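Visitor: Structure below; questions to follow.
There are 6 protein chains.
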Amino acid sequence: MRADGRAPDQLRDVRITRGWLDHAEGSVLVEFGRTRVLCAASFTEGVPRWKKGSGEGWVTAEYAMLPRATNDRSSRESVKGKIGGRTHEISRLIGRSLRAVVDVSALGENTIVLDCDVLQADGGTRTAAITGAYVALADAVAWGARHGHVTGGKQVLTDSVAAVSVGIIDGTPMLDLPYVEDVRAETDMNVVTTGAGAFVEVQGTAEHAPFDRAELDALLDLAVGGTAELTRLQLEALARDLDR
Amino acid sequence: MRADGRAPDQLRDVRITRGWLDHAEGSVLVEFGRTRVLCAASFTEGVPRWKKGSGEGWVTAEYAMLPRATNDRSSRESVKGKIGGRTHEISRLIGRSLRAVVDVSALGENTIVLDCDVLQADGGTRTAAITGAYVALADAVAWGARHGHVTGGKQVLTDSVAAVSVGIIDGTPMLDLPYVEDVRAETDMNVVTTGAGAFVEVQGTAEHAPFDRAELDALLDLAVGGTAELTRLQLEALARDLDR
Amino acid sequence: MRADGRAPDQLRDVRITRGWLDHAEGSVLVEFGRTRVLCAASFTEGVPRWKKGSGEGWVTAEYAMLPRATNDRSSRESVKGKIGGRTHEISRLIGRSLRAVVDVSALGENTIVLDCDVLQADGGTRTAAITGAYVALADAVAWGARHGHVTGGKQVLTDSVAAVSVGIIDGTPMLDLPYVEDVRAETDMNVVTTGAGAFVEVQGTAEHAPFDRAELDALLDLAVGGTAELTRLQLEALARDLDR
Amino acid sequence: MRADGRAPDQLRDVRITRGWLDHAEGSVLVEFGRTRVLCAASFTEGVPRWKKGSGEGWVTAEYAMLPRATNDRSSRESVKGKIGGRTHEISRLIGRSLRAVVDVSALGENTIVLDCDVLQADGGTRTAAITGAYVALADAVAWGARHGHVTGGKQVLTDSVAAVSVGIIDGTPMLDLPYVEDVRAETDMNVVTTGAGAFVEVQGTAEHAPFDRAELDALLDLAVGGTAELTRLQLEALARDLDR
Amino acid sequence: MRADGRAPDQLRDVRITRGWLDHAEGSVLVEFGRTRVLCAASFTEGVPRWKKGSGEGWVTAEYAMLPRATNDRSSRESVKGKIGGRTHEISRLIGRSLRAVVDVSALGENTIVLDCDVLQADGGTRTAAITGAYVALADAVAWGARHGHVTGGKQVLTDSVAAVSVGIIDGTPMLDLPYVEDVRAETDMNVVTTGAGAFVEVQGTAEHAPFDRAELDALLDLAVGGTAELTRLQLEALARDLDR
Amino acid sequence: MRADGRAPDQLRDVRITRGWLDHAEGSVLVEFGRTRVLCAASFTEGVPRWKKGSGEGWVTAEYAMLPRATNDRSSRESVKGKIGGRTHEISRLIGRSLRAVVDVSALGENTIVLDCDVLQADGGTRTAAITGAYVALADAVAWGARHGHVTGGKQVLTDSVAAVSVGIIDGTPMLDLPYVEDVRAETDMNVVTTGAGAFVEVQGTAEHAPFDRAELDALLDLAVGGTAELTRLQLEALARDLDR
């Protein structure tokens, strides 16, 4: 039994609130338990210079954490004047994960930037961010189509994408770790899959002890179950009306 | 009649939600219409080096805006590697305004940092930030007292503080400007007052035309009415139970 | 009686020396007592990118302080690699104040940058900077007209602009505060007016105690008297021959 | 058959030259084909502030690339004034990988910094860096023991660590990708294992197409074979005399 | 005959005004013709960390140029967020030159920082800065002695130091080049000597054509004559009363 | 007799290895004893903006040191976020020295960047860098001619350039100082000459005691002998086949 009463293969309460912002072309407040990430998708015509004339669009992401998202206040990266390695790493992960399901030629020369700002952190912020960002992205793509910016007639999104963290705690593989579990995990893995269940990213790290093939397999099984459930929640959220 | 149907001397709908974050010692989501600012107060023992041994505490603030708080996405200051002048100016204003009602010797050698992050901007973000930050500050001071960090027996907060924007539009002084009014204002003023109605900050700027003494007086009257109402809402919010 | 023997409503000795630099299109060494600011106006053809094709010009300002302008040496912002909040705030104030009397369409697509470098600081550096910068600006505009860069036939400068600090010390409102008075002021206000006496900026701050309407009114009266006298000194300076 | 004539499960020529630098406590020039990374281990007494008094040591890494390591010259990060996301990400990966085989309490309050500078890049720079850095680390630990800085009597290194890249190209899983293969890979994975064959890091990325469990398994098999061979080469290198 | 009517071995009008600032322990406005540099010497007790406990003092310098010191406005290094190579190079040269005549053990654990800010540039700013900075340094050392901070009883300054530029223009070696000559010089040399006539720095650069030994010798002769005259002017300035 | 057994006028063992990198248009690993510098010349079509349309090319250099090139590890400038004064100064020196023998109009609108990265430092890194960079530059110019980018028919290189350090140690002038001699030198000079023996740069610094004309003359004699020998070694290296 886990501290919060969940079964090892159970997700925390996941909530996906679309249209949380008035200005953004797509926006989602995603909650995995107490982890709360605001994902805003900004659709703009045109692409970065190195993409100009390619006929292809671009999707990228920026992840950040508010200073008091965490238990102790951390300094602002804007005040420090530089972005930390962790921030860089997660921003790149989110961008890659989303691009795995985007047909950039169907998008045309348009750019969608996903801003994922962690309002409150309780473990799994990067996986919540990917899961929420996909929904915001879908809304922004729909906005682009509705407003005549996406005109190719092809599907921009080839599939959906969702992510979850898994880890081994006291020898037991567990799904969707909150902070108190995360710090105790011997091995920690973030898994990103498509709606169809294929892998987009697998990032496993031995935090306290190297892991063997059997443990890796158990973690992957657990993760695939989790992202399947998240995929269902994403579709459910996208099926709801967004009256704005 | 204003675009949103308000009378010239009427505030937008103001909502003050305490305890919006789980980790912070004080936290408030403050809304002035569509403007939405998250204010987190972090209480820590100890003071900056230049205050050590003084017996006095320190209260400071940092203001920032999420990239997609605005209609068009703006670049992150952390990515640009430097903080803009506007951000600096507003952070300093919030800090000064709050310190005006803090007895630093009663606070003892403790520091309270107020993080005011604009989640959505529709004019008046700095005045909403000050108004919300005061409530978060009050909760953090209470937390400090409850946890035995504030022991002087004196009141740390000598009064409350609230702020509102006023401006002259087509010759008419108006209270609490949303973005569409703000850009059209000939003169724009931000006024910070104490609960007792005294001035803490008065910042008037001729945006399109210099203003005379009569206009200045009319704006001040309007502002004082507005902050009195905000003071009432702050007290109301602080009177509610915060079950955490 | 004040420490330097002045009456409460008396300015310090103000000196405005035009043409202090050989290269700049306009330049002024302005002195308010021991406060000494070098204001250089640089006239260049063309405007920033966001103004291109607008037919309008641009006027902006940068304020800075030499490391040993003050009693204790301060670090160079270039060495620290970032500009402080105070510097940002004052640069923006000077730029806004000057633009209030500039008809940018009469200026045409030209840019005038005002560099205000404090060589020695003894209180009131921002107000001295604005007062001196106006004179340097006037010389740069005249230079632009003489050299055929300003051709619209309209007046570029719609009025003059001057600034002064006022404050309440031991209950008495006083004009043009030197450093020793500034640090003791309960309330500190910087007022910028046009030559015609209208307000451009009013920035009042409760340093040690909130202020009431009567105090505010007394400070405004004092300031308006001070800027009127500064306006006279600016005109006198501009009336002198500048033999270069 | 691959462009360079290798079998799919064959490493490039790997050379590990110890003692390439005269000053460093451990140093290795490691070559995976044309990829050439200089790994320098610097042993210093003392630990970062947040580790002081813990009785534990610290091992960290910094990765960088010379401007002309690549086919086209890239700008220096020192000139740009900031470190890119890729650099950050790889530095963190190297540090984590090495720490997985370090008993920090056996190291005592000493710090070892691994500088991995890519002199020439032809794919697999991060895996070459980890493989070479382990050898440099082993030499630095031995230096620390020889000079009486490591005195606990316990083994500092609990195992060895090596890394290799694998990828799927035209449907075939391949080991140790040079640049020309890397850019064509549908899926790209970096795997770090201990000498005992357990996983330390598994980072798989769908570059052009999501991958399924069977592909993941094939890649892991291939990688484990590769790191086993690299482990053998590391031991061989460490068995040679280092006459300095 | 030179454009300004000087003989090839003649200095420009040199003016050394001591006590130009009220706050600094030593200050000089030095003018070499139209080149105008403000040198401020700040005396503080204590030394940088790496000198603590050495019993020795430290003397260092920072050189900078106001944006409109030159014919065209240059961007502020504080705004750019970094210091250029030329600024760095000259700051280091000034510091080294002054330290050549300072007995750091006689100074005791005190620091003197020389800020050399170019108010107007017309060639030879670094040599004017060194020449003026020496005089400001002498005043700061005297201040330190008068205020009991320098107590060793030994002479802190072992000699004086002065600097001048020389160059070959159309085949003729010339002393103290203004900007119009500087840009045309085939070879450009900055020479720093002690009052006793020994060399502290010799920096010769072939701007347009390599130079031979005879040319080098002629330039050195010229420079030594120039610095001897500057030494005389420094002594004269220091002999004057400084009534503050 | 010197510590390493050399005569006062003898160079260390100098090795110039061309083609050390596979990607660069010219590359040299140059060794002066234990000092080891990797010089990479990158030839690109086009010039910086301020040179566009001039018909002239541009040659520039960047110098840097690996963190563990030195006896104690130094921090990376990329991590610190700024380039130090020494790095700036040496980069500028290398660039100027090379440009002294380049006919930029013969080069056409092409740019050659010389990256000089110190892999190991034992004194004289800047002079080794210049000496090696010239050879890399010559190879890059030849590459440009072979590939049809340099078409003017004129010689791009008007001469060769080499550099050496000299210093006075215990009263004796010595050639090519390793670190142990460098720190003890009373006077330190870096001399850059053309193959024809004319001076390009002469930079003499009194490290511990000012120097007189006789000492300066002795140092120059010694340096000229050293660079003549280096010129011979450069020609020898360039005469060898570079089979790539």
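Residue numbers (UniProt numbering), protein chains in the order written: chain A, 1 to 244; chain B, 1 to 244; chain C, 1 to 244; chain D, 1 to 244; chain E, 1 to 244; chain F, 1 to 244. All residues carry an ideal CB built from backbone N, CA and C; glycine is no exception. Quick caveat: nothing in here was measured; it's all calculated off a predicted structure.
#1: I want to see whether chain A comes within less than 9 Å of Met189 of chain D, judged by CB atoms only; does it?
#2: Between which two residues does the beta strand (DSSP E) holding Asp115 of chain C run?
#3: Secondary structure at Pro173 of chain A, three-state DSSP: helix, strand or coil?
#4: Within a Cβ cutoff of 7 Å, which residues of the same chain sit near Ala237 of chain E, ignoring the five residues on either side of it in sequence?
#5: Let me know if Ser54 of chain F comes out buried or exposed under the rule of 16 or more other beta-carbons within 10 Å of its beta-carbon.
#6: Provide the residue span of the alpha helix (DSSP H) that contains Ser105 of chain A, from first to last.
#7: Distance, Cα to Cα, Gly26 of chain B vs Leu107 of chain E?
#8: Below 9 Å on C-beta distance, what does Val113 of chain F contact in chain D?
#9: Just verifying my parser: in three-state terms, what is the DSSP assignment at Arg68 of chain E?
#10: Can you tell me whether Ala185 of chain B is buried or exposed? The criterion is at least 16 other CB atoms within 10 Å of its CB, across all chains shown.
#11: With a threshold of 7 Å on Cβ separation, who are the neighbours of His208 of chain B within its own chain once the five nearest residues in sequence on each side are excluded?
#12: To the nearest angstrom, how far is the alpha carbon of Gly33 of chain A from that of Arg12 of chain A?
#13: Assuming contact is defined by CB atoms lying nearer than 9 Å, are Gly195 of chain B and Asp9 of chain B in contact in what I supplied?
#14: In chain order, what residues of the same chain have a beta carbon less than 6 Å from the beta carbon of Glu56 of chain E, not counting five sequence neighbours either side?
#15: Does the distance from the C-beta atom of Glu62 of chain E to that of Ser91 of chain E stay below 9 Å?
#16: Name, please, each residue of chain F whose Cβ falls closer than 9 Å to the Cβ of Arg76 of chain D.
#17: Do Pro178 of chain F and Gly124 of chain F have their C-beta atoms within less than 9 Å of each other?
#18: Between the alpha carbons of Leu230 of chain B and Ser160 of chain B, how many angstroms are there, rounded?
#19: In the DSSP assignment, find the beta strand (DSSP E) that holds Asp188 of chain F and state where it starts and stops.
#20: Quick one: does Ser91 of chain F have its CB under 9 Å from some CB of chain E?
#21: Rounded to whole angstroms, how far is the Cβ of Gln120 of chain A from the Cβ of Asp22 of chain B, which I believe are closer than 8 Å?
#22: By Cβ distance, which residues of its chain are closer than 7 Å to Ala128 of chain E, with the 5 residues on each side in sequence left out?
#23: Specify, as a first and last residue, the run of the alpha helix (DSSP H) that Glu181 of chain F falls within.
#24: Taking the alpha helix (DSSP H) that Leu11 of chain A belongs to, which residues open and close that run?
#25: Against chain B, does Leu175 of chain C count as a neighbour if the rule is that its beta carbon must be under 9 Å from one of theirs?
#26: Does any residue of chain B have a CB that is nearer than 9 Å to the CB of Arg34 of chain A?
#27: For the segment 36-50 of chain C, list every residue whose C-beta sits within 9 Å of some C-beta in chain E, in sequence order.
#28: In chain A, which residues lie with their C-beta within 7 Å of the C-beta of Arg205 of chain D?
#29: With a cut-off of 9 Å, does the C-beta of Ala138 of chain E fall near any C-beta of chain F?
#30: What residues in the segment 146-161 of chain E have a beta carbon less than 7 Å from any beta carbon of chain C?
#31: Anything in chain C within Cβ reach of Asp22 of chain E, meaning under 7 Å, just list it in chain order.
#32: May I have the straight-line CA-CA distance separating Val118 of chain D from Cys39 of chain D, to the nearest angstrom?
#33: Is it right to say Asn190 of chain F is buried, meaning 16 or more other beta carbons lie within 10 angstroms of its own, or is it exposed?
#34: Thinking C-beta only, is Leu220 of chain E closer than 9 Å to Phe199 of chain F?
#35: Using the C-alpha atoms, what's the distance from Leu66 of chain D back to Ser97 of chain F?
#36: In angstroms, rounded to a whole number, what distance separates the CA positions of Val156 of chain D and Val79 of chain F?
Guide: The structure says:
#1: The sequence position of residue 189 of chain D within the fourth sequence is 189, counting from 1. Output row for Met189 of chain D: interface = yes.
#2: Here residue 115 of chain C is taken as the residue at index 115 of the third sequence, counted from 1. Per DSSP, Asp115 of chain C belongs to the beta strand (DSSP E) from 110-120.
#3: For this step, residue 173 of chain A is matched to residue 173 along the first sequence. Secondary structure of Pro173 of chain A (DSSP, three-state): strand.
#4: Here residue 237 of chain E refers to the residue found at position 237 of the fifth sequence. Hits under 7 Å: Ile16, Arg18, Val135.
#5: By 1-based counting over the sixth sequence, the position of residue 54 of chain F is 54. Burial call: exposed.
#6: Taking the first residue of the first sequence as 1, we reach residue 105 of chain A at position 105. Where Ser105 of chain A is concerned, the enclosing alpha helix (DSSP H) stretches over 104-107.
#7: Counting from 1 along the second sequence, the entry for residue 26 of chain B is found at position 26. Counting from 1 along the fifth sequence, the entry for residue 107 of chain E is found at position 107. Counting only the Cα atoms, Leu107 of chain E lies some 52 Å from Gly26 of chain B.
#8: Within the sixth sequence, the letter at position 113 stands for residue 113 of chain F. Near Val113 of chain F (Cβ distances below 9 Å), the residues of chain D are Pro67, Arg68, Arg73.
#9: Numbered from 1 along the fifth sequence, position 68 holds the residue referred to as residue 68 of chain E. The answer is helix: DSSP assigns Arg68 of chain E an H, G or I state.
#10: Along the second sequence, read from residue 1 onward, the residue named residue 185 of chain B stands at position 185. Looking at its Cβ environment, which holds 16 or more other Cβ atoms inside 10 Å, Ala185 of chain B is buried.
#11: For the purposes of this step, residue 208 of chain B is taken as the residue at position 208 of the second sequence. Same-chain partners within the cutoff: Glu186.
#12: As a working note, residue 33 of chain A is residue 33 in the first sequence. As a working note, residue 12 of chain A is residue 12 in the first sequence. Cα to Cα, the separation comes out at about 5 Å.
#13: Here the question's residue 195 of chain B lines up with position 195 in the second sequence. Here the question's residue 9 of chain B lines up with position 9 in the second sequence. No, Cβ-Cβ distance for Gly195 of chain B and Asp9 of chain B is not below 9 Å.
#14: Position 56 of the fifth sequence, counting from 1, holds the residue named residue 56 of chain E. Within its own chain, the residues whose Cβ lies closer than 6 Å to the Cβ of Glu56 of chain E, once the five positions on either side in sequence are excluded, are Val104, Ser105, listed in chain order.
#15: On the fifth sequence, residue 62 of chain E is found 62 positions in, with the first residue counted as 1. On the fifth sequence, residue 91 of chain E is found 91 positions in, with the first residue counted as 1. Taking 9 Å as the Cβ cut-off, Glu62 of chain E and Ser91 of chain E qualify as a contacting pair.
#16: Against the fourth sequence, residue 76 of chain D aligns to sequence position 76. Those within 9 Å of Arg76 of chain D in chain F are Glu62, Ala64, Glu77, Ser78, Ile83, Asp115.
#17: Here residue 178 of chain F refers to the residue found at position 178 when the sixth sequence is read from its first residue. Here residue 124 of chain F refers to the residue found at position 124 when the sixth sequence is read from its first residue. Yes, these two residues count as a Cβ contact at 9 Å.
#18: For this step, residue 230 of chain B is matched to residue 230 along the second sequence. For this step, residue 160 of chain B is matched to residue 160 along the second sequence. Approximately 10 Å, taken between the alpha carbons.
#19: Residue numbering aside, residue 188 of chain F sits at position 188 when the sixth sequence is read from its first letter. Counting along the chain, the beta strand (DSSP E) containing Asp188 of chain F begins and ends at 187-194.
#20: Mapped onto the sixth sequence, residue 91 of chain F falls at position 91. Closer than 9 Å to some Cβ of chain E, the Cβ of Ser91 of chain F qualifies, so yes.
#21: In the first sequence, the residue the question calls residue 120 of chain A occupies position 120. In the second sequence, the residue the question calls residue 22 of chain B occupies position 22. Between Asp22 of chain B and Gln120 of chain A the Cβ distance is about 6 Å, and since that is below 8 Å, they are a contact.
#22: To locate residue 128 of chain E, count along the fifth sequence from 1; it is residue 128. Correct list, in chain order: Val30, Phe32, Thr35, Val37.
#23: Reading the sixth sequence from its first residue, position 181 is the one you call residue 181 of chain F. It spans 179-182 - the alpha helix (DSSP H) in which Glu181 of chain F sits, taken as one unbroken run.
#24: Locating residue 11 of chain A in the first sequence gives position 11, where the first residue counts as 1. Leu11 of chain A -> no alpha helix (DSSP H), and no H or E assigned at all.
#25: Working through the third sequence from its first residue, we reach residue 175 of chain C at position 175. So no, Leu175 of chain C is outside the interface.
#26: For the purposes of this step, residue 34 of chain A is identified with residue 34 of the first sequence, where counting begins at 1. So yes, Arg34 of chain A belongs to the interface.
#27: Going along the segment 36-50 of chain C in chain order, one finds Arg36, Leu38, Ala40, Ala41, Ser42, Thr44 with a Cβ nearer than 9 Å to chain E.
#28: Within the fourth sequence, residue 205 of chain D is the residue found at index 205, counting from 1. Contrary to the premise, residue 205 of chain D reads as Thr rather than Arg in this sequence. By Cβ distance, chain A contributes Arg96, Glu201.
#29: As a working mapping, residue 138 of chain E is identified with position 138 in the fifth sequence. No, Ala138 of chain E lies away from the interface with chain F (no Cβ there is under 9 Å from its Cβ).
#30: Listed by position along the chain: nothing, the set is empty.
#31: Within the fifth sequence, the letter at position 22 stands for residue 22 of chain E. Arg34, Gln120, listed in chain order.
#32: Counting from one through the fourth sequence, the residue named residue 118 of chain D turns up at place 118. Counting from one through the fourth sequence, the residue named residue 39 of chain D turns up at place 39. Those two C-alpha atoms are separated by around 9 Å.
#33: Here residue 190 of chain F refers to the residue found at position 190 of the sixth sequence. Under this definition Asn190 of chain F is a buried residue.
#34: Mapped onto the sixth sequence, residue 199 of chain F falls at position 199. Mapped onto the fifth sequence, residue 220 of chain E falls at position 220. In this structure, Leu220 of chain E does not lie closer than 9 Å to Phe199 of chain F by Cβ.
#35: The residue given as residue 97 of chain F occupies position 97 in the sixth sequence. The residue given as residue 66 of chain D occupies position 66 in the fourth sequence. Each residue's Cα considered, the two are about 22 Å apart.
#36: Residue mapping note: residue 156 of chain D aligns to position 156 of the fourth sequence, counting from 1. Residue mapping note: residue 79 of chain F aligns to position 79 of the sixth sequence, counting from 1. Roughly 28 Å separates the two Cα atoms.
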